[in-house]
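**Student:**
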Amino acid sequence: MDATVATLIGTTIGTVGGLAGGLFTAFLQNRQARVQLEVEERRRRDDLRREACNAFANAAHQYRMHWWHLNSKLGKGDADRELFDGSAALWTEVTAAHSRAAIAGPTKVAEAADQLLAQLHAMDSAGTEWFSSVESGFQHSVDVLRDELLAARRAVRVGAFASVVRRELGNDGS
55 MDATVATLIG TTIGTVGGLA GGLFTAFLQN RQARVQLEVE ERRRRDDLRR EACNAFANAA
115 HQYRMHWWHL NSKLGKGDAD RELFDGSAAL WTEVTAAHSR AAIAGPTKVA EAADQLLAQL
175 HAMDSAGTEW FSSVESGFQH SVDVLRDELL AARRAVRVGA FASVVRRELG NDGS
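Heads up: the sequence shown begins at 55 in my numbering, then just goes up one per residue.
1. If we ignore side chains and look at the alpha-carbon of each, how far apart do Asn143 and His115 end up?
2. Kindly provide the ranges of any beta strand (DSSP E) runs that are 3 or more residues long and lie completely inside the region 181-225, ordered along the chain.
3. Span of the alpha helix (DSSP H) holding Lys127?
4. Alpha carbon to alpha carbon, how far is Thr61 from Gln83?
5. How long is the line joining the alpha carbons of Leu171 and Gln86, rounded to whole angstroms?
6. In this structure, how does DSSP classify Gly159 when only helix, strand and coil are distinguished?
7. Measuring only the C-alpha atoms, how far is Gln173 from Val210?
8. With DSSP as the reference, label Ser228 as helix, strand or coil.
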């Protein structure tokens with residue numbers, strides 16, 4: 055074998071090796087970029103989930119506080135229709151925020167959101183019944199209805215929902 059053939063063979067081997075090394079490097083970089091994109095997408099999804107859950111927790115808290123104000127008025131025998139009607143607008147916000155949180159998931163968060171919504175609905179039902187009695191002048195059942203609202207309001211566990219969110223989605227932004 056003469057020097058020219060050896061040079062060509064060496065050059066070919068070097069070129070193939072360089073090409074293979076370049077392709078391998080490109081493959082690794084592409085794989086690393088995909089992994090990074092997946093991590094960023096997961097982080098973005100979890101941030102959106104946390105945002106939806108925080109909005110629901112805030113709406114639930116506002117709704118609970120609204121019924122606290124109504125409770126105070128009703129306890130004095132004042133059936134404030136305007137304040138009561140405000141609960142309907144807040145209920146719309148609560149149910150919309152619940153839908154976003156339940157859809158965002160994951161499953162345990164959606165289940166906790168459903169439980170919180172059921173607690174809020176029980177509070178709303180008890181409060182609505184009490185309001186109707188006070189507004190209609192039926193005083194004989196006011197104490198029982200007041201106690202039902204108080205018990206339902208105490209049963210609303212916004213903190214329990216927030217704990218599930220933190221456990222399932224982490225503490226970022228919660």
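C-beta: ideal position from N, C-alpha, C; glycine also.
**Tutor:** On the basis of the supplied data:
1. In the sequence shown, residue 143 corresponds to position 89, counting from 1. In the sequence shown, residue 115 corresponds to position 61, counting from 1. The residue asked about is misnamed: residue 143 is Ala in this sequence, not Asn. Taking the straight line joining both Cα atoms gives about 14 Å.
2. none
3. Here residue 127 refers to the residue found at position 73 when the sequence shown is read from its first residue. Start and end: Ala57 to Gly129.
4. Against the sequence shown, residue 61 aligns to sequence position 7. Against the sequence shown, residue 83 aligns to sequence position 29. So the alpha carbons of these two residues sit roughly 32 Å apart.
5. Within the sequence shown, residue 171 is the residue found at index 117, counting from 1. Within the sequence shown, residue 86 is the residue found at index 32, counting from 1. One C-alpha to the other measures close to 42 Å.
6. For the purposes of this step, residue 159 is taken as residue 105 along the sequence shown, with counting starting at 1. Shown here, Gly159 sits in coil according to DSSP, grouped into three states, outside any helix or strand.
7. Residue numbering aside, residue 173 sits at position 119 when the sequence shown is read from its first letter. Residue numbering aside, residue 210 sits at position 156 when the sequence shown is read from its first letter. So the alpha carbons of these two residues sit roughly 5 Å apart.
8. Translated into positions along the sequence shown, residue 228 becomes position 174. For Ser228, the predicted structure reports a pLDDT of 40, less than 50, and the residue's modelled location is therefore unreliable. A value from the coordinates is still provided. In the structure shown, Ser228 sits in coil (DSSP, three-state: anything other than H, G, I, E or B).
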